[in-house]
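Numbering (this note's numbering) for the sequence shown: 5 to 144.
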Amino acid sequence: MNKKIAIIPIIVIIGIIAAVSQMGVEEMAETETVEIETVEEVEAMVTIPVKAARPACGPHPECYIPSYYVTKVDEPVIWLNEDSAFHSVTSGSYNEPTDMFDSGHMDPYGTFSYTFEEPGMYPYFCTLHPWMAGNIKAER
Ligand SMILES: [Cu+2]
5 MNKKIAIIPI IVIIGIIAAV SQMGVEEMAE TETVEIETVE EVEAMVTIPV KAARPACGPH
65 PECYIPSYYV TKVDEPVIWL NEDSAFHSVT SGSYNEPTDM FDSGHMDPYG TFSYTFEEPG
125 MYPYFCTLHP WMAGNIKAER
């Protein structure tokens, strides 16, 4: 009789441990799913407006908005293409590009980022539309 009583409590305890560890695993899986769904938002400093591909940038007074932007060195400048056409952000001017930076063809709603390391005035343009030009001034 004494042997039988001793065995029953041991079986019950093992069953409870298994249930608790299973709940623990499920909770971990839920936490991981929440992390994956986190969305990264990009805040652009300069936007390329719709219809920028038209000469004189269609209805807009500027082809990059704003076409003159002051930044601090070591802080990234982000451009956003809000147009349905490809555009670029390329250092220099249409007739005299420099090798400093070049976004390549930016897709619609594509972004490009560049961090200036030295103070100065940096002109840039679009390789596809000669009338598109802007300036970045980098300060300490
Ligand atoms: Cu363009």
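Just so you know, even glycine gets a beta-carbon here, dropped at the ideal spot from N, CA and C.
Span separating the alpha-carbon of residue i from that of residue j
| i | j | result |
| --- | --- | --- |
| residue 112 | residue 57 | 12 Å |
| residue 59 | residue 121 | 33 Å |
| residue 131 | residue 99 | 10 Å |
| residue 97 | residue 140 | 13 Å |
| residue 144 | residue 103 | 23 Å |
| residue 142 | residue 133 | 25 Å |
| residue 125 | residue 71 | 13 Å |
| residue 128 | residue 75 | 15 Å |
| residue 64 | residue 48 | 18 Å |
| residue 123 | residue 62 | 33 Å |
Residue i Cβ short of 8 Å to ligand 1 heavy atom set
| i | result |
| --- | --- |
| residue 133 | yes |
| residue 52 | yes |
| residue 89 | yes |
| residue 57 | yes |
| residue 71 | no |
| residue 97 | no |
Presumed contact (8 Å Cβ cut-off) between residue i and residue j, rounded CB distance
| i | j | result |
| --- | --- | --- |
| residue 101 | residue 95 | 7 Å |
| residue 46 | residue 138 | At roughly 19 Å, the Cβ-Cβ gap does not stay under 8 Å, so residue 46 and residue 138 are not in contact. |
| residue 73 | residue 136 | With a Cβ gap of about 14 Å, residue 73 and residue 136 do not count as contacting. |
Evaluate contact between the region 110 to 117 and the region 77 to 84, counting only Cβ atoms and requiring at least three cross-stretch pairs below 8 Å.
-> yes
Are at least three pairs of beta-carbons, each pair with one atom in the region 82 to 99 and one in the region 44 to 64, less than 8 Å apart?
-> yes
Does the region 61 to 81 come close enough to the region 99 to 108 that 3 or more CB-CB pairs lie under 8 Å?
-> no
Minimum length 3: unbroken beta strand (DSSP E) runs contained in the region 49 to 73 = 50 to 52
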